[in-house]
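Its first residue numbered 1, the sequence shown is counted upward by one per residue in the UniProt record's numbering. Glycine is no exception: its CB is placed at the ideal position from the N, C-alpha and C atoms.
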Amino acid sequence: MKHGLKKTDGNVSTVMQFVLLGFSELSDLQGFLFGVFSIIYMIIVTGNSLIIILTRLDPALQKPMYFFLANFSFLEICYVSVTLPRILVNLWTQDRSISLVACATQMCFLLMLGATECFLLAVMAYDRYVAICHPLHYSVVMNQKMCVQLAVGSWLIGIPVQIGQTAQIFSLRFCNSNQINHFCCDIPPILKLACGDTFAHEVSVYIVAIFFVTVPFTLILISYGKIVSTILKLPTASGRAKAFSTCSSHLLVVLLFFGSATITYLRPKSKHSAETDKLLSLFYMIITPMFNPMIYSLRNKDVIAALRKLLFKK
């Protein structure tokens, strides 16, 4: 009997714990991968922490745009901390086992933080919409109370739904195999291990994904549609360039995150493959958070100025 499987009635094995195969097929590169992921984790934590510190200390960054950016940076640190430490432990110890409870907990936090990211990106798009399309009312509309409410709403909106979805998925029986061909407990590889018909659960996943991906993305598209329309009406080329520059970083992050997440959760089951799922998940769970601080800092003059003041302050 395989480790982590328990015999039940009818000679069927029920999973007691899982094994995250991760990058086990790259047996000769385990040490190299540990080094690479360690560096990536340090870059993500350091880069996003720096943005949080700058937005707290520099008076020039005491604006709604940077308040949401600080929330986003904190979210990215939380998001990668759900997966990367586990990956590092697995690579270092070569013990890839994970209990049923730990797997469910990891999935739940991944889903909740993913939902938060979707809506926080939509809130950031709304902030840019108000700033560009209604500049005279910006300070009134995006007051401190409104900013806090939007941020708190983004953090809380996915909690009950994603807890329910996680409970629903782990109410299934998993039998005959406990090997997850992935580096984390994500929905597609977990459903592949379930016994019997999982059609109802797959439909549930699609419905939730459509809500948490499509609704925020639609709001972002509407916001940017109005933003572009307003920018094109500006009388000067310099004014148009400045307006576009304040949105380009956020738009790039939106495309990177929603593009990979949509392909992962909304493409047909027949199109799923373990290697593709791992590659896509690696992209939006780890690679994108690594580049986000660079995207926002290198393309934002206010952040660069604040960083210079922090580094060269006497």
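It is roughly 29 Å from the alpha-carbon of cysteine 175 to the alpha-carbon of valine 80. For isoleucine 98, there is no enclosing alpha helix (DSSP H); the enclosing beta strand (DSSP E) covers residues 97 to 99. For phenylalanine 18, the uninterrupted beta strand (DSSP E) segment begins and ends at 17 to 20. By the C-beta criterion, the segment 120 to 137 is judged not to be in contact with the segment 92 to 99, since fewer than 3 inter-stretch pairs fall below 8 Å.
Contact between cysteine 133 and lysine 278 is ruled out by a C-beta separation of about 41 Å, above the 8 Å threshold.
Taking a cut-off of 8 Å for Cβ pairs, the segment 153 to 165 and the segment 104 to 124 touch, as three or more such pairs fall below it.
A residue is called buried once 16 or more other Cβ atoms fall within 10 Å of its Cβ, and leucine 255, having fewer, is exposed.
Its chain contains Gln165, Gln168 as the residues whose beta carbon lies nearer than 8 Å to that of serine 204, once the 5 sequence neighbours on both sides are disregarded; these appear in chain order. CA-CA distance, phenylalanine 312 to phenylalanine 244, rounds to 30 Å. Around the beta carbon of threonine 83, a 10 Å sphere encloses 16 or more other beta carbons of the protein chains shown; the residue is thus reported as buried. Inclusion of methionine 290 and isoleucine 53 in the CB contact set at 8 Å is not warranted, their separation being larger than that value. DSSP places glutamine 179 within a strand segment (E or B) once states are collapsed to three.
In the structure shown, the three-state DSSP call for phenylalanine 170 is coil. Between isoleucine 157 and phenylalanine 119, the CB-CB gap stays under 8 Å.
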